[in-house]
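There are 2 protein chains.
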Amino acid sequence: MSRLSPTVLEFLASGPLAHVVTLGPAGDPHVTLAWVGVEDGEVVIGTLSDQRKLQNLRNDPRIALSFEVGGQIHAGLPSYLVLRGRARVTEGGAPELLQRLAETYIGPGVTFPPMPNPPAGYVTRVTVEKVSGMGDWD
Amino acid sequence: MSRLSPTVLEFLASGPLAHVVTLGPAGDPHVTLAWVGVEDGEVVIGTLSDQRKLQNLRNDPRIALSFEVGGQIHAGLPSYLVLRGRARVTEGGAPELLQRLAETYIGPGVTFPPMPNPPAGYVTRVTVEKVSGMGDWD
Numbered sequence: 013m014s015r016l017s018p019t020v021l022e023f024l025a026s027g028p029l030a031h032v033v034t035l036g037p038a039g040d041p042h043v044t045l046a047w048v049g050v051e052d053g054e055v056v057i058g059t060l061s062d063q064r065k066l067q068n069l070r071n072d073p074r075i076a077l078s079f080e081v082g083g084q085i086h087a088g089l090p091s092y093l094v095l096r097g098r099a100r101v102t103e104g105g106a107p108e109l110l111q112r113l114a115e116t117y118i119g120p121g122v123t124f125p126p127m128p129n130p131p132a133g134y135v136t137r138v139t140v141e142k143v144s145g146m147g148d149w150d
Numbered sequence: 013m014s015r016l017s018p019t020v021l022e023f024l025a026s027g028p029l030a031h032v033v034t035l036g037p038a039g040d041p042h043v044t045l046a047w048v049g050v051e052d053g054e055v056v057i058g059t060l061s062d063q064r065k066l067q068n069l070r071n072d073p074r075i076a077l078s079f080e081v082g083g084q085i086h087a088g089l090p091s092y093l094v095l096r097g098r099a100r101v102t103e104g105g106a107p108e109l110l111q112r113l114a115e116t117y118i119g120p121g122v123t124f125p126p127m128p129n130p131p132a133g134y135v136t137r138v139t140v141e142k143v144s145g146m147g148d149w150d
């Protein structure tokens with residue numbers, strides 16, 4: 013497990029969008045976007061329904077999360093962060109996690125998920141093994 | 013091969029950053045960011061040096077490109093576009109492609125690559141097989 017540096021933790025707490033890469037049944041790359049948080053040193057993703065990415069992760073836990081960093085451009089490319097590791101999908105807890113993240117990703121005081129009695133959903137917990145990208149992430 | 017819709021072509025011409033997903037020697041997901049263009053119905057990426065993503069693509073041509081679309085937010089997520097397909101790496105032509113793309117990604121009149129006599133590099137040509145994401149891309 014790679015310790016997440018204070019720089020990485022601060023960036024993740026700012027509400028960046030993760031491009032979540034998982035591997036399909038034939039090992040093909042699959043990408044969706046998601047909010048992320050950090051709990052107990054792991055990157056967490058809340059999902060209300062059993063999406064394809066969760067099915068992929070149960071089959072192959074390898075995952076990559078990539079993020080653009082606004083405002084810092086080098087030769088036409090922004091700084092970016094890539095976290096690679098392994099994920100496990102746990103049941104329940106998605107509404108509570110999403111409500112917490114919504115305060116950052118949408119705004120303070122918002123109610124999310126917006127429906128009453130949302131399903132318990134799933135929390136995906138990512139143990140980061142490699143940190144890369146462009147920028148000073150140490 | 014999937015025909016790229018006018019909506020997708022217009023978006024790609026606007027200079028969005030691609031999160032380029034390739035597969036490492038062990039099938040693990042690898043991500044970097046890149047500029048993209050379109051030539052002859054294929055998505056093209058110019059690279060001056062023989063980067064890891066090119067080595068990956070020679071071993072396994074499967075590729076995914078994901079893009080955030082600014083300004084359109086649904087429940088805290090922007091619209092996004094994911095293109096999946098197969099890539100072939102061709103030699104030469106990178107400086108000319110990068111110069112053309114720099115006019116969009118950096119600005120009109122810029123000289124790029126910024127060094128004299130850049131290497132001929134590589135152009136990666138992606139045949140798109142699947143178009144997905146959030147938004148109306150048909």
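Going down the list, the protein sequences come from chains A and B.
Each residue of the first sequence is one higher than the last, beginning at 13 in the numbering used here.
Each residue of the second sequence is one higher than the last, beginning at 13 in the numbering used here.
For each residue, glycine too, the CB sits at the ideal point set by N, CA and C.
**Asked** Along chain A, in chain order, which residues have C-beta atoms closer than 7 Å to that of SER78 of chain B?
**Response** HIS31 and VAL43
**Prompt:** If we cut at 9 Å on Cβ distances, does GLY39 of chain B have a partner in chain A?
**Reply:** yes
**Those runs of the beta strand (DSSP E) which lie wholly inside the region 57 to 124 of chain A and span at least 3 residues** = 74 to 86 and 89 to 103
**Request:** Using 10 angstroms around the beta-carbon of PRO120 of chain B, count the other beta-carbons present and answer buried if the total reaches 16, otherwise exposed.
**Result:** exposed
**Request:** Measuring alpha carbon to alpha carbon, tell me which of A:LEU21, A:GLY27, A:LEU77 and A:PHE23 ends up nearest LEU110 of chain A.
**Result:** Between LEU110 of chain A and the set A:LEU21, A:GLY27, A:LEU77 and A:PHE23, the nearest pair of CA atoms involves A:GLY27.
**chain B contacts from the region 86 to 109 of chain A (Cβ-Cβ distance under 9 Å)** = ALA87, GLY88, LEU89, PRO90, TYR92, VAL94 and ARG96
**Contact under 9 Å by Cβ, ALA76 of chain B with VAL50 of chain B** = no
**Presumed contact (8 Å Cβ cut-off) between VAL32 of chain B and VAL43 of chain B, rounded CB distance** = 7 Å
**Asked** Helix, strand or coil for THR24 of chain A per DSSP?
**Response** Before going further, note that residue 24 of chain A is Leu rather than Thr in the sequence given. LEU24 of chain A falls in the helix class under three-state DSSP.
**Asked** At a Cβ threshold of 9 Å, is ILE5 of chain B touching chain A?
**Response** A query on residue 5 of chain B cannot be resolved here, the shown segment of chain B reaching from 13 to 150 and no further.
**Asked** Is the Cβ-Cβ distance between LEU93 of chain B and VAL138 of chain B less than 9 Å?
**Response** no
**Message:** What does the alpha-carbon distance come out to for the pair ASN68 of chain B and PRO41 of chain B?
**Reply:** 10 Å
**Request:** Give a yes or no on whether 9 Å exceeds the smallest Cβ distance from ALA25 of chain B to chain A.
**Result:** no
**Request:** Determine which residues share a DSSP beta bridge with VAL33 of chain A and list them.
**Result:** A:VAL43 and A:ALA76
**Asked** Of all the options B:PRO107, B:GLY36 and B:LEU21, which has the alpha carbon lying nearest to the alpha carbon of ASN71 of chain B?
**Response** B:GLY36
**Prompt:** How about ARG74 of chain A and GLY39 of chain B: are their beta carbons less than 9 Å apart?
**Reply:** yes
**Item:** Contacts that LEU35 of chain B makes with chain A (C-beta to C-beta distance below 9 Å)
**Value:** For LEU35 of chain B, the residues of chain A that pass the 9 Å Cβ criterion are LEU35, GLY39, ASP40 and PRO41, in the order they occur in the chain.
**Prompt:** Sorted by chain position, which residues of the same chain lie with C-beta nearer than 6 Å to TRP47 of chain A's C-beta, five sequence neighbours on each side aside?
**Reply:** LEU113 and TYR117
**Asked** Are the C-beta atoms of ILE75 of chain B and some chain A residue less than 9 Å apart?
**Response** yes
**Prompt:** Checking contacts by CB at 9 Å: is TRP47 of chain A closer than that to chain B?
**Reply:** yes
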